[in-house]
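Data block below; observations after.
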Amino acid sequence: MSNKVRVRFAPSPTGGLHLGGVRTVLYNYLFARHHGGDFILRIEDTDSSRFVPGAEEYIMETLRWCGMEPDESPAVGGPCGPYRQSERKEGYREYADKLVAQGNAYYAFDTPEELEEMRSVFKTAENPSPQYDHRLRMKMRNSLTMGDDEVRRLLSEGMPYVIRIKMPDNETVSFTDMIRGEVSFNTSTVDDKVLLKNDGMPTYHLAVVVDDYLMNITHAFRGEEWLPSAPVHLLLWKYLGLQESMPQWAHLPLILKPDGNGKLSKRDGDRLGFPVFAMNWTDPRTTEFTQGFRERGFLPEAFVNMLAMLGWNDGSGQEIFSMQELIERFSMDRVHKGGAKFDFEKAKWFNHEWIKQASAERLLPDVKRVMESGGITVTDDRYLETVINMVKERCTLLGDFAEQAGFFFRTPVSHDIDSIRAKWNSDKENFFAEVQGVLKDLEDWSAPAIETAFKDLAVARGIKVGELQLPFRIMLVGGKFGPAVFDIAATVGKAETLTRIASMPSVV
RNA sequence: GCCGCGUUGGUCAAUCGGUUAAGACGCAUCCCUUUCACGGAUGAAUGACGGGUUCGAUUCCCGUACGCGGUACCA
């Protein structure tokens, strides 16, 4: 029990969850389930100025849509709550105080203006961004440069302050990353990060260590952008005397933009025309709207599958995996080290594959919604299921069902006359006038029977059957697409078939 | 600038010292189909560069280049 795997996804509720974030959740989730462990959702809202209403709900809805429900979260609670850092505020200070008492951290009274001044004063060509580090801290206003009396005085006067970690000089800190292997840093190159802000809230650095400890997290997975601050976290675990409980780390590679280089951002999606967020998101501050994968017509199975393969594979060459299979096969050591450029074409391929292999029952609710938003009310689910099975291999996105299945419910209003005009003649005109009578008398309204009757008449009139199929299709469908013509005729029924032949506009 | 991480076709990628360097997406051609798809076949296309180590390097080591990330009282 004591070594039960426990992982957490710890997002900041600042907006829609994007691809990289969802993949981080996925890998956490897969790892937890693979090892029979717990998956925890913890909200990192230590920066109140960045709080965005609705973002937390959005995150939970995304997890639900993807089928990755947390075992513990702000919504369902759990033994290590609360699961919002803003609600754990009081708990962090004692850890910061302990560090100060031990001499591993110190009070700093510098104002934001003073920090800015420091950065501009010490800025040089060789050092464009001076850090508050071992070289500069003795030039700043903190408990290292001031006498104890003065520090006490300022504190008692209520002077705002922060607590910073005192990074040791020239020590090597290293750890074994589950993906990258041994990684090491020289402590002289990292700055004295703020641990506790002047509003009493911890920064990410303190909070992540304290909460991972308090929540018994055994494995901590996060994006590669966190790697540079890993030495701070490692030292914190050590200074707090908690090293034995420190989780194993893995820093996930980034998801890059398709063109050029760099981390994929929402902007790239807007620019290149594909979603980046899991679901629709409207920023409450700017009212800016961003389309999500869900609303773009992706199946969650495909979305998850696609994300899993963006940086991981099981070495077998298999690409289509259900969540269950992913849980069984996933292992952190097969995660790629390098970042992956996102390819929307491939993402669509995954969705197409999932639609093709999905049952009509599975697709029914989604397709029904698509049809209804296209103004078609479905009253017969069985009929829709038949149609779904006939057209699903032609649908890449759920929205494609509107066009591919629409004509099964609605007589075409426009006809692609252009594609048959060139080969049209009076013989064909006469054939279709005559075939209506033949079909009307047909007793067995099945595709083979319709086809036989249709062909018999064609042969009798000396016209190639093939030449008649496209016109027939245009009458039934309106355009050059869809399943086999006789199957369509059989499915829409005799009356509707006759109506469509009769209501075909003049070709010439 | 400094620190860290990374680098196999256009993209996702296999290979854990010895292969004609898989497979997939996309692309091209063809077959199937007198629609569109699906399916099948074929093809073009890859180890950044330079040094080592080794009988033998895509694979191990070093350097260079390039890319990315970090360098906030944001996460």
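For what it's worth, numbering that gives the first Met the number 0 labels the leading residue of the first sequence as 0, then goes sequentially. Beta carbons are placed, not taken as given, at the ideal position from N, Cα and C, and that holds for glycine. These numbers were taken from a predicted model, which means no experiment stands behind them.
Residue i - DSSP class collapsed to helix/strand/coil
i	result
H17	strand
Y91	helix
D176	strand
Y131	coil
G76	strand
K315	The amino acid occupying residue 315 in the given sequence is Ser; Lys does not appear at that position. In the structure shown, S315 sits in coil (DSSP, three-state: anything other than H, G, I, E or B).
V193	strand
T509	Here the chain has residues from 0 to 507 only, and residue 509 is not among them.
F400	helix
K340	strand
F108	coil
E218	Note that residue 218 is His in the sequence shown, not Glu. H218 falls in the strand class under three-state DSSP.
T385	helix
R409	coil
V506	coil
S425	helix
A346	helix
D8	Position check: residue 8 holds Phe in this sequence, whereas Asp was assumed. The answer is strand: DSSP assigns F8 an E or B state.
V334	strand
P364	helix
S358	coil
P230	helix
V209	helix
L309	coil
R51	Strictly speaking, residue 51 in this sequence is Val, with Arg absent from that position. Coil.
D415	coil
W236	helix
Proximity of residue i and residue j at Cβ, strictly below 8 Å
i	j	result
I387	L18	no
A339	L362	no
V4	G90	no
Y212	E43	no
R179	H250	yes
I164	L234	yes
K347	T395	yes
R41	Y82	yes
R32	M214	no
M322	F349	no
L469	S505	no
M67	L25	yes
E360	K422	no
D191	Y131	yes
L497	V484	no
L135	P127	no
Y238	L29	no
L397	G296	yes
T175	E181	yes
S85	R49	no
D168	T186	yes
P252	H335	yes
N197	V161	yes
V390	P246	no
Identified DSSP bridge partners for residue i
i	result
E71	I39
I375	DSSP lists no partner for I375.
V437	Paired residues: none, contrary to the question.
F184	V172
P201	L195
R83	I42
Please give me, in chain order, every unbroken run of the alpha helix (DSSP H) with length at least 4 that falls completely inside the region 238-303.
265-271 and 292-295
Is the region 275-288 touching the region 328-335, taking contact as three or more C-beta pairs under 8 Å?
no
Sufficient close CB pairs (3 or more, under 8 Å) joining the region 314-321 to the region 362-374
no
Counting Cβ pairs closer than 8 Å, one from the region 484-499 and one from the region 447-466, do we hit at least three?
yes
If contact is defined by three or more beta carbon pairs under 8 Å, each pair taking one atom from either stretch, is the region 270-279 in contact with the region 6-22?
yes
Using 8 Å as the cut-off, can you tell me whether the region 424-437 makes contact with the region 370-387, which would need three or more C-beta pairs spanning the two stretches below that distance?
no
4-residue-minimum alpha helix (DSSP H) runs that sit fully inside the region 444-487, ordered along the chain
DSSP runs (the alpha helix (DSSP H)) wholly in the region 444-487: 446-459 and 464-476.
For the region 128-172, list the alpha helix (DSSP H) runs that are entirely contained and at least 4 residues long, ordered along the chain.
DSSP runs (the alpha helix (DSSP H)) wholly in the region 128-172: 147-155.
Report yes or no: do the region 99-117 and the region 217-228 share at least 3 C-beta pairs separated by less than 8 Å?
no
Validate contact between the region 432-439 and the region 396-409 using beta carbons, cut 8 Å, 3 pairs
no
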